[in-house]
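Asker: Before I ask anything, here is the structure I am working with.
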Amino acid sequence: MKKSDRAQAEFYIKNQVLPESQDISELDYHFQRRAALYSHLGIPPLFLKGRSVLEIGPGNGENSLFTLSCMPGEYVLVEPNSGGLEKTKQLLEKSRFSDSSAITYLNCFLDDYSPDSGFDLVLCEGLIPGRANPENLLRKVLELVNPQGIAVVTCSEHLAFLSDAVRKILGLALAEPSLSVLEQAKNITPFFESHFSNLPGMSRNVKDWALDNVFNHTEDINFSIPRALEAAGSDADFYSSSPVFFSDWRWYKQITGKEFGFGSHAVDLWSRIRHSTLNHTCQFPPADPNVVMALVGLAERIFDLSRELASNRDLNILPEVSETLLELVGKLRLVPGDTAWTCDALLDAGRAVSQVRHKGIAADCGRFAALFGKGQQHLSLMKR
Ligand SMILES: C[S@@+](CC[C@H](N)C(=O)[O-])C[C@H]1O[C@@H](n2cnc3c(N)ncnc32)[C@H](O)[C@@H]1O
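In the working numbering, the protein residues as written are 3 to 386.
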C-alpha cells in the first residue's frame, strides 16, 4: 500500500482529533439507524449471532456498539488511531453487551493486519473513498472474508459528494489560512450550523464535520458502486446496498450459467439513477446514461476545483465553480422527474460561491443550506 492510503488516519493522529464521533445520547434511535442500514444491506442481526466479525476503522466505536449488541462470537477491531481505539474499547467495555463476544482490539493499519483465518462479516465503513488506492483496499478487505461471507464497504462519487464539495469551497473561502486547521474549523463552524439544522438524523458534530470535510486531505473521492464491483471482479458479487436501488425481475430459475450473478445488472441500473445521490431527499426516475455521465463530469470538475483551492487557497477559481454549477443545472433540467428544487438550490449555491469572498461569513446560501447529497453509499458484497 502506498503511504498516502494512510493520510486520513495520519491527519487524525497528528491533530489528536477523533473527528468522526457521533451523538448516541438517544441510543434507541442510533440502534434503529444501524438496524435500518443492516436491513438495507440484507444482513439480519441474527446473522451476526455467534459469527466472526472484523471491523476496520471503527473510529470511536459508536457503530461497533450496535454490532456488539448482535452478539458476534468473535469481534476484532482494527484501528490505527490509538485515541479512537481507546474510546471504542471504553464504550464497548462499559456497555451491557460487553460479555456477549470475545473482542480483540488491534492498533494498526489494515495493510499491517494478516490474520490466520477469515471472517464471516467484514465491516469497513467511511474508509475507502478518498484514499489513493481504493481498489487495493477493497481487495484486501475481500481477502479477509470467508467464502459466502459478507463484506460491507462504503462507496462515493462526485454527484453524491457535490454538496460537500461546494461546502468545502465555501469553508475554505471563509477560513483564514494563516490559522491552524483546528482554529479554522472552529471559526467556520457557526456558518455551517444553520445548514445542518436542516438535516434530521445528522449525528456528527458540526466542528468535526468541518475539520474532516473541509480540511482533511482527500484523494479523489470517486469510488463508485460500479468501480467497487469492477475491483471485486470474480472474487465477490453484488449483494445489496444502502440506498437500495436494485430490483431484479428475472426468474430466479434462469439466473444460472452466464446469467448467474447480480453485479452487471446493478451497474446498469446505477448508471441510470446515480444522479439521485445529488439530493438525499429525492429519488429521480431513471435517465439517459449519457446525460447522467455529463452530470458526473461536471460534478467531478467542481470536486477538482475544491481540491485545487485546498492546496493553494487561491480564490480566483470561484467564478469557474459558479459557472460549472450553472452548466450542471442546465443538464439536470434535461432529466425526467421533479428536479426543480434541486436546480434552484444549486443556483443558490453558485450565487453564494460568487459572493463569499465579498461578504465573508454573511454569504447567504439560500436553498442550498438545505441541500445534502447521499454522500456515501453502503455496499454489501458476497464473497464467492
Ligand atoms: C471516517 S472514519 C469512519 C469511522 C466509522 N467506521 C464510521 O463509519 O463512522 C475512518 C476510520 O478509518 C480509520 N482508517 C483510516 N485509514 C485506515 C487504514 N488504512 N486502515 C485501518 N483504518 C484506517 C481512521 O482512523 C478512522 O477511524
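Even for Gly, the Cβ is constructed at its ideal location relative to N, Cα and C.
For the stretch 256 to 284, list the alpha helix (DSSP H) runs that are entirely contained and at least 4 residues long, ordered along the chain.
Answerer: Complete alpha helix (DSSP H) runs here, min 4: 265 to 275.
Asker: What would DSSP say about Ile-26, mapped onto helix, strand or coil?
Answerer: As a working note, residue 26 is residue 24 in the sequence shown. Ile-26 falls in the coil class under three-state DSSP.
Asker: Would you say Ala-212 touches ligand 1, meaning its beta carbon is less than 7 Å from a heavy atom?
Answerer: Counted from its first residue, the sequence shown places residue 212 at position 210. It does not: the Cβ of Ala-212 is nowhere closer than 7 Å to a heavy atom of ligand 1.
Asker: What span of residues does the alpha helix (DSSP H) with Glu-185 cover, start to end?
Answerer: In the sequence shown, the residue the question calls residue 185 occupies position 183. Its alpha helix (DSSP H) spans residues 183 to 198.
Asker: Within 10 Å of its beta-carbon, does Gln-92 have 16 or more other beta-carbons around it, so buried, or fewer, so exposed?
Answerer: Along the sequence shown, one-based indexing puts residue 92 at 90. With fewer than 16 Cβ atoms within 10 Å of its Cβ, Gln-92 is classed as exposed.
Asker: By Cβ distance, which residues of its chain are closer than 7 Å to Ala-233, with the 5 residues on each side in sequence left out?
Answerer: Position 231 of the sequence shown, counted from the first residue, corresponds to residue 233. Here the set comprises Glu-137, Leu-140, Arg-141.
Asker: Expressed to the nearest angstrom, what Euclidean distance is found between the alpha-carbon atoms of Asn-207 and Asn-215?
Answerer: Residue mapping note: residue 207 aligns to position 205 of the sequence shown, counting from 1. Residue mapping note: residue 215 aligns to position 213 of the sequence shown, counting from 1. If I take the Cα positions, the gap works out to 12 Å.
Asker: If you draw a straight line from the C-alpha of Glu-88 to the C-alpha of Ile-15, how long is it?
Answerer: As a working mapping, residue 88 is identified with position 86 in the sequence shown. As a working mapping, residue 15 is identified with position 13 in the sequence shown. Using only the alpha carbons, I get a separation of about 13 Å.
Asker: Between which two residues does the alpha helix (DSSP H) containing Gly-235 stretch?
Answerer: Within the sequence shown, residue 235 is the residue found at index 233, counting from 1. First-last for Gly-235: undefined, no H or E at that position.
Asker: Please return the same chain residues whose Cβ sits closer than 8 Å to the Cβ of Gly-52, not counting the five positions on each side in sequence.
Answerer: As a first step, residue 52 is located in the sequence shown; it is residue number 50 there, counting from the start. Met-73, Pro-74, Gly-75.
Asker: Count the C-beta pairs between the stretch 153 to 172 and the stretch 379 to 386 that are closer than 8 Å, then say yes if the count reaches three, no if not.
Answerer: Cβ pair count under 8 Å is three or more, so yes.
Asker: Comparing the CB of Arg-8 with every heavy atom of ligand 1, is any distance shorter than 7 Å?
Answerer: Counting from one through the sequence shown, the residue named residue 8 turns up at place 6. Result yes, Cβ under 7 Å from ligand 1.
Asker: As a quick exercise: from Asp-350, Glu-185, Tyr-115, pick the residue whose alpha carbon is nearest that of Asp-210.
Answerer: In the sequence shown, the residue the question calls residue 210 occupies position 208. Residue Glu-185 is the option with its Cα nearest to Asp-210.
Asker: Under 8 Å by Cβ, that's how I've got Asp-350 and Phe-370 pegged, so tell me the actual separation to the nearest angstrom.
Answerer: Working through the sequence shown from its first residue, we reach residue 350 at position 348. Working through the sequence shown from its first residue, we reach residue 370 at position 368. With a Cβ gap of about 4 Å, Asp-350 and Phe-370 count as contacting.
Asker: Taking the straight line between their C-alpha atoms, what separation do you get for Ser-102 and Leu-94?
Answerer: Locating residue 102 in the sequence shown gives position 100, counting from the first residue. Locating residue 94 in the sequence shown gives position 92, counting from the first residue. Roughly 11 Å between the two C-alpha positions.
Asker: Could you name the residues of the same chain whose beta carbon sits closer than 6 Å to that of Ala-38, not counting the 5 residues immediately before and after it, in chain order?
Answerer: For this step, residue 38 is matched to residue 36 along the sequence shown. Taken in chain order, the list of residues that qualify is empty.
Asker: Is any heavy atom in ligand 1 found nearer than 7 Å to the beta carbon of Pro-228?
Answerer: As a first step, residue 228 is located in the sequence shown; it is residue number 226 there, counting from the start. No, since every heavy atom of ligand 1 falls outside the 7 Å radius drawn around the Cβ of Pro-228.
Asker: Between Ile-412 and Glu-310, which are expected to be in contact by the criterion C-beta below 8 Å, what is the C-beta distance as a whole number of angstroms?
Answerer: Nothing about residue 412 can be read from this structure; the chain reaches only from 3 to 386.
Asker: With a threshold of 7 Å (Cβ to nearest heavy atom), would Glu-127 be considered close to ligand 1?
Answerer: By 1-based counting over the sequence shown, the position of residue 127 is 125. For ligand 1, at least one heavy atom lies less than 7 Å from the Cβ of Glu-127.
Asker: Can you name the residues that DSSP bridges to Val-147?
Answerer: The residue labelled residue 147 in the question sits at position 145 within the sequence shown. Paired residue(s): Phe-121.
Asker: Which parts of the stretch 273 to 342 are runs of the alpha helix (DSSP H), unbroken and 4 residues or longer, counting only runs that do not cross its ends?
Answerer: Listed in chain order, the complete alpha helix (DSSP H) runs (minimum 4 residues) inside the stretch 273 to 342 are 291 to 314, 320 to 334.
Asker: With a Cβ-Cβ cutoff of 8 Å, do Glu-64 and Gln-24 count as a contact?
Answerer: For this step, residue 64 is matched to residue 62 along the sequence shown. For this step, residue 24 is matched to residue 22 along the sequence shown. Yes; because the gap between Cβ atoms is below 8 Å, this pair is in contact.
Asker: Using a Cβ-Cβ cutoff of less than 7 Å, which residues in the same chain neighbour Leu-317 once the five nearest sequence positions on both sides are dropped?
Answerer: Here residue 317 refers to the residue found at position 315 when the sequence shown is read from its first residue. Same-chain partners within the cutoff: Ala-175, Arg-359.
Asker: Say whether chain D places a C-beta atom closer than 8 Å to the C-beta of Trp-253.
Answerer: Going by chain labels, chain D is absent from the structure shown, which holds only one protein chain.
Asker: What are the boundary residues of the alpha helix (DSSP H) that Glu-12 is part of?
Answerer: Reading the sequence shown from its first residue, position 10 is the one you call residue 12. From DSSP, the alpha helix (DSSP H) with Glu-12 extends over 9 to 16.
Asker: With distances taken from CA atoms, which of Met-204, Val-183, Ala-212 is nearest Thr-191?
Answerer: Translated into the one-based positions of the sequence shown, residue 191 becomes position 189. Out of Met-204, Val-183, Ala-212, Ala-212 has the C-alpha closest to the C-alpha of Thr-191.
Asker: Which residue comes first and which comes last in the beta strand (DSSP E) that contains Thr-106?
Answerer: Position 104 of the sequence shown, counted from the start, is the residue given in the question as residue 106. From DSSP, the beta strand (DSSP E) with Thr-106 extends over 104 to 108.
Asker: Once DSSP output is grouped into helix, strand and coil, what is the label at Arg-98?
Answerer: Position 96 of the sequence shown, counted from the start, is the residue given in the question as residue 98. The answer is coil: DSSP assigns Arg-98 none of H, G, I, E or B.
Asker: Span of the alpha helix (DSSP H) holding Ser-165?
Answerer: In the sequence shown, the residue the question calls residue 165 occupies position 163. Taken as a continuous stretch (DSSP letters only), the alpha helix (DSSP H) holding Ser-165 covers 164 to 176.
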